[in-house]
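These notes concern the structure reproduced below.
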Amino acid sequence: MSALWELCRPFWGGWRSWRAWSLLAVAVSMGFGIVYLNVQINEWSRVFYDTLGTALLNKSNFRRETGS
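Laid out in C-alpha coordinates, this is it:
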(Lines of atoms letter the chains of each structure in order from A and count residues from 1; the text may use other names and numbers.)
(Lines give C-alpha, C1' and ligand atoms only; values in the text may rest on other atoms or scores of the structure.)
Protein backbone atom coordinates (compact mmCIF):
# COMPACT_ATOMS: atom_id res chain seq x y z
CA MET A 1 0.00 0.00 0.00
CA SER A 2 2.87 2.36 0.74
CA ALA A 3 4.23 1.85 -2.78
CA LEU A 4 0.89 2.94 -4.21
CA TRP A 5 0.87 6.01 -1.98
CA GLU A 6 4.40 6.90 -3.11
CA LEU A 7 3.24 6.72 -6.73
CA CYS A 8 0.13 8.83 -6.12
CA ARG A 9 1.63 11.48 -3.85
CA PRO A 10 3.24 13.61 -6.61
CA PHE A 11 0.02 13.63 -8.63
CA TRP A 12 -2.35 14.48 -5.76
CA GLY A 13 0.04 16.55 -3.66
CA GLY A 14 2.45 18.17 -6.08
CA TRP A 15 2.60 21.82 -7.05
CA ARG A 16 0.05 21.22 -9.82
CA SER A 17 -2.28 19.14 -7.68
CA TRP A 18 -5.01 21.79 -8.05
CA ARG A 19 -5.55 20.48 -11.60
CA ALA A 20 -6.01 16.92 -10.38
CA TRP A 21 -8.41 17.97 -7.63
CA SER A 22 -10.33 20.18 -10.06
CA LEU A 23 -10.71 17.36 -12.57
CA LEU A 24 -11.84 15.02 -9.81
CA ALA A 25 -14.43 17.57 -8.68
CA VAL A 26 -15.69 17.98 -12.26
CA ALA A 27 -15.93 14.21 -12.78
CA VAL A 28 -17.81 13.67 -9.50
CA SER A 29 -20.14 16.61 -10.23
CA MET A 30 -20.92 15.25 -13.69
CA GLY A 31 -21.66 11.85 -12.19
CA PHE A 32 -24.11 13.36 -9.71
CA GLY A 33 -25.64 15.43 -12.52
CA ILE A 34 -26.24 12.36 -14.67
CA VAL A 35 -27.84 10.51 -11.75
CA TYR A 36 -30.08 13.52 -11.05
CA LEU A 37 -31.19 13.71 -14.69
CA ASN A 38 -31.94 9.98 -14.78
CA VAL A 39 -34.08 10.28 -11.64
CA GLN A 40 -36.01 13.18 -13.18
CA ILE A 41 -36.57 11.27 -16.44
CA ASN A 42 -37.77 8.20 -14.52
CA GLU A 43 -40.16 10.33 -12.47
CA TRP A 44 -41.59 11.91 -15.63
CA SER A 45 -41.94 8.48 -17.28
CA ARG A 46 -43.76 7.08 -14.24
CA VAL A 47 -46.28 9.92 -14.22
CA PHE A 48 -46.74 9.78 -18.00
CA TYR A 49 -47.27 6.03 -18.25
CA ASP A 50 -49.47 5.88 -15.14
CA THR A 51 -51.67 8.57 -16.68
CA LEU A 52 -51.71 6.80 -20.03
CA GLY A 53 -52.62 3.48 -18.41
CA THR A 54 -55.41 5.08 -16.39
CA ALA A 55 -56.81 6.79 -19.48
CA LEU A 56 -56.79 3.54 -21.46
CA LEU A 57 -58.40 1.66 -18.57
CA ASN A 58 -61.12 4.29 -18.23
CA LYS A 59 -61.71 4.20 -21.99
CA SER A 60 -62.16 0.42 -21.99
CA ASN A 61 -64.50 0.63 -18.97
CA PHE A 62 -66.55 3.31 -20.75
CA ARG A 63 -66.84 1.16 -23.87
CA ARG A 64 -67.82 -1.90 -21.83
CA GLU A 65 -70.52 0.00 -19.93
CA THR A 66 -72.02 1.73 -22.96
CA GLY A 67 -71.72 -1.23 -25.31
CA SER A 68 -69.88 0.75 -28.00
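Under this note's numbering, the first residue of the sequence shown carries the number 4, and numbering increases by one thereafter.
By construction, the Cβ of each residue, glycine as well, lies at the ideal position given by its N, Cα and C atoms.
Cβ distance (whole Å) where residue i is taken to contact residue j below 8 Å
i                : j          : result
phenylalanine 35 : alanine 23 : No, phenylalanine 35 and alanine 23 are not in contact; Cβ-Cβ is about 19 Å, not under 8 Å.
Residue i to residue j span [Cα, whole Å]
i             : j             : result
leucine 54    : glycine 17    : Looking at the sequence shown, residue 54 is not leucine but threonine. So the two alpha carbons sit approximately 56 Å from each other.
asparagine 64 : glycine 56    : 12 Å
serine 32     : tyrosine 52   : 30 Å
alanine 58    : arginine 49   : 14 Å
leucine 26    : glutamate 46  : 30 Å
asparagine 4  : alanine 28    : At residue 4 the sequence reads methionine, which differs from the asparagine that was named. Taking the straight line joining both Cα atoms gives about 24 Å.
glutamine 43  : isoleucine 37 : 10 Å
arginine 67   : leucine 40    : 40 Å
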